[in-house]
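Step one of this worksheet: look at the structure below.
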Amino acid sequence: MMMYVLMIIAGIFASPSEYTSVEVDLEWNGSEKETIVSYRAISGDDGRFLRVTRDFDPEYMEIEVLSARYGFPGRLRDIPEWAVDTLSGSEGWPLAVVIVFPGLRPGMDMEWTFRITDSGQMSQKGLFYTYIAGEQPDTIIVSCPDLDNLTVGSFGFEEDETRNRIVFTSINEEYKELWISTAADWKEVQDILLESSRISSMETPPDLREAAIEAGAAGALPQMRVSRGRVLITESLQLLPFPGGDAGFTVRSLQEILDSRRATPMEAATLLSAMCRVMSIDAPVIPATDILPIVPSPLGFYRSFILVDGELEEPSQYLSPAGWVDASDTLWLLLPGGVLAEMSPLEEPEHVTELWDISPLEGVFSLHIQADCGFDRELRRKFAGMNQQDILLTISEWFRSSSIYFYPQFVEMSDFYDLTKPAWIMIKGVLSSSDENWIESSPTLNWTRTGSITREFGNMQSGTGTIGL
773 MMMYVLMIIA GIFASPSEYT SVEVDLEWNG SEKETIVSYR AISGDDGRFL
823 RVTRDFDPEY MEIEVLSARY GFPGRLRDIP EWAVDTLSGS EGWPLAVVIV
873 FPGLRPGMDM EWTFRITDSG QMSQKGLFYT YIAGEQPDTI IVSCPDLDNL
923 TVGSFGFEED ETRNRIVFTS INEEYKELWI STAADWKEVQ DILLESSRIS
973 SMETPPDLRE AAIEAGAAGA LPQMRVSRGR VLITESLQLL PFPGGDAGFT
1023 VRSLQEILDS RRATPMEAAT LLSAMCRVMS IDAPVIPATD ILPIVPSPLG
1073 FYRSFILVDG ELEEPSQYLS PAGWVDASDT LWLLLPGGVL AEMSPLEEPE
1123 HVTELWDISP LEGVFSLHIQ ADCGFDRELR RKFAGMNQQD ILLTISEWFR
1173 SSSIYFYPQF VEMSDFYDLT KPAWIMIKGV LSSSDENWIE SSPTLNWTRT
1223 GSITREFGNM QSGTGTIGL
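Residues in the sequence shown are numbered consecutively from 773, following this note's numbering.
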């Protein structure tokens, strides 16, 4: 009992690891950017800083560990050589420099410094830096050249100009945010982000023309043709995560993308935009971010849309295969002409209706699903792009995961590529074979989202329920 009490007391007084200071020194010579970043932290008993990593892209970045020390105050020692290594992740991910602090103990101080040399597209165009932090660390110092027309936005920092440099120092422990950019306006940022995309989209390889013909053959409305083209991309390409940095906005030739059957979000958007152009539909690529940049800066943009007649389609790994934007937070879009626009989160009520008609004596059932809003999107993503047999198999698996032991045999549904009408699906089939068809409880489909579900039953009791409320 005494040991149990001591464990509770230790848990109450546990001290987390925390950063104490960060110092950043920036240099930019017009073609590459050199950044020296020094961190200081104190170790808690959560083991948080047993390992520190710093990602980098070897195509245009070099990273060197200038120093790494740790120990109790006044007795710091260098970490051993084996504790610094460069690791490679899976394909499509950057390399990472890893620093390990062996034998770390609560109360120890840690200091480590990186030098990052960046000659990528963004650094060649100008100096871009962002530091966003909460209460930690206590002290943040960022110094950079005193460039003409430097754009700065900050909260919780004071600014000092000394010896042709600008020094930003945090002034309190409240939320801190610092943005630095040499971009004069959002149009300049847009040109930087979309330069590679625009060059790539100028070509029209034969495979792209064939894909556009296939997408437009069965669709009359532009929105339907775009949606079908989007399904072709999401079903035929491996959609990769956003690789970050310059790599996230570097677009290979369209033929390379089609041949490799792999695409980043920006490449997928560029491919769909070019496909729309072949179908005589204007669909520019639109970068997007879920954080609000307070100065013109390319940092934070990690998603890629296309804009068609004022409607957004998202050809990336986040939504597949229906083109809906389903965001819990506000999205910020960089529209044509360098206009930063706000897309507020959807606030429509989530609702779906399940109409069951079950005849235990005959051993048959039918189910009609009418979906709105988020349920509509889930229904489209679940079935769009499948043939009849695959749809029946998917329904069977959906039933099994919902503990419903019915066997679907026939399905009819709305055109899941037509986004102008709510989605619906009709399923018919038989009950599990037995001497007597016995229904112990009303069937309940599992949905992945929260909202209101109305269920009505023929030949059985009826009722209305809610999910996730």
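Heads up, the beta-carbon is just placed ideally off N, CA and C, and yes, glycines get one too.
According to the neighbour-count rule (16 or more other Cβ atoms, all chains shown, within 10 Å of its Cβ), is residue i buried or exposed?
i: Ser1092; result: Low local confidence applies: a pLDDT of 47 at Ser1092 is under 50, so the model's placement there is unreliable, and no value is given.
i: Asp890; result: buried
i: Arg823; result: exposed
i: Ala1113; result: exposed
i: Gln1242; result: In the structure displayed, the chain extends from 773 to 1241; residue 1242 sits before or after that span and is not available.
i: Thr934; result: exposed
i: Thr1042; result: buried
i: Glu853; result: exposed
i: Leu980; result: buried
i: Gly1223; result: buried
i: Val961; result: buried
i: Ile844; result: Reading off the sequence shown, one finds Phe at residue 844, where the question assumed Ile. Phe844 should be labelled exposed.
i: Gly879; result: exposed
i: Thr1022; result: buried
i: Pro788; result: exposed
i: Met882; result: buried
i: Gly1020; result: buried
i: Gln1233; result: Confidence at Gln1233 is low in this model, with a pLDDT of 42, below 50, so the placement of that residue should be treated as unreliable; the coordinate-derived value is given next. It is exposed - the Cβ of Gln1233 has fewer than 16 other Cβ atoms within 10 Å.
Measuring straight from C-alpha to C-alpha, what distance separates residue i and residue j?
i: Ala955; j: Ile938; result: 17 angstroms
i: Pro994; j: Gly1082; result: 12 angstroms
i: Phe1147; j: Val1124; result: 6 angstroms
i: Arg1227; j: Leu965; result: 48 angstroms
i: Asp1190; j: Met996; result: 5 angstroms
i: Ile1005; j: Leu1044; result: 8 angstroms
i: Leu922; j: Asp818; result: 41 angstroms
i: His1140; j: Gly1001; result: 28 angstroms
i: Trp1170; j: Pro1215; result: 12 angstroms
i: Leu1064; j: Ser1131; result: 55 angstroms
i: Gly925; j: Val914; result: 13 angstroms
i: Ala1055; j: Val998; result: 9 angstroms
i: Ser1168; j: Glu804; result: 57 angstroms
i: Glu931; j: Phe940; result: 5 angstroms
i: Phe1229; j: Leu1127; result: 6 angstroms
i: Thr1192; j: Arg1221; result: 22 angstroms
i: Gln1089; j: Arg1075; result: Any reading at Gln1089 must be qualified, since the residue scores a pLDDT of 46, below 50, and its modelled position is unreliable; the value itself is stated next. Going by the C-alpha atoms only, they are around 10 angstroms apart.
i: Gly1016; j: Tyr832; result: 12 angstroms
i: Ile1066; j: Tyr903; result: 12 angstroms
i: Ser810; j: Glu1028; result: 40 angstroms
i: Pro1068; j: Ser953; result: 7 angstroms
Which two residues bound the contiguous beta strand (DSSP E) that contains residue i?
i: Leu950; result: Lys948 to Ser953
i: Gln908; result: Segment: none, Gln908 is in no beta strand (DSSP E) and carries neither H nor E.
i: Gly1230; result: Gly1223 to Gly1230
i: Asp827; result: Arg823 to Phe828
i: Asp932; result: Phe929 to Thr934
i: Ala787; result: Sequence check: residue 787 is Ser here, not Ala. Looking at the DSSP string, Ser787 is not in any beta strand (DSSP E), and its letter there is neither H nor E.
i: Glu1086; result: Looking at the DSSP string, Glu1086 is not in any beta strand (DSSP E), and its letter there is neither H nor E.
i: Val1202; result: Trp1196 to Leu1203
i: Glu806; result: Lys805 to Ile814
i: Thr941; result: Arg937 to Ser942
Would you mind stating whether residue i and residue j have Cβ atoms separated by less than 8 angstroms?
i: Pro1037; j: Phe1073; result: no
i: Phe1178; j: Leu1203; result: yes
i: Ala1060; j: Leu1011; result: no
i: Ala905; j: Lys948; result: yes
i: Thr885; j: Leu848; result: no
i: Tyr842; j: Leu876; result: yes
i: Leu867; j: Phe828; result: yes
i: Ile835; j: Val794; result: no
What residue does the alpha helix (DSSP H) around residue i start on, and which one ends it?
i: Thr1006; result: Pro994 to Ser1008
i: Ser1138; result: No alpha helix (DSSP H) holds Ser1138; the beta strand (DSSP E) holding it covers Val1136 to Asp1144.
i: Trp958; result: Trp958 to Ser973
i: Asp1162; result: Gln1160 to Ser1173
i: Ser1032; result: Leu1026 to Ser1032
Closer than 7 angstroms to a non-hydrogen atom of the ligand FMN - does that hold for the CB of residue i?
i: Asn921; result: Of the ligands one can find in the structure shown there are none, so the ligand FMN has no counterpart to examine.
Counting only beta-carbon separations shorter than 8 angstroms, does residue i have a partner in chain B?
i: Met1115; result: Among the protein chains of the structure shown there is no chain B, as only one such chain exists.
**Asked** Which ranges does the beta strand (DSSP E) cover as unbroken runs of at least 3 residues, wholly within the segment 1040-1084, from first to last along the chain?
**Response** 1057-1061 and 1075-1080
**Request:** Starting from the N-terminal side, write out each stretch of the beta strand (DSSP E) that is 3 residues or longer and does not extend beyond the segment 875-905.
**Result:** For the segment 875-905, whole beta strand (DSSP E) runs of length 3 or above, ordered along the chain, are 881-890 and 900-905.
**Prompt:** Which whole runs of the alpha helix (DSSP H) in the segment 829-867 are 4 residues long or more, in chain order?
**Reply:** none
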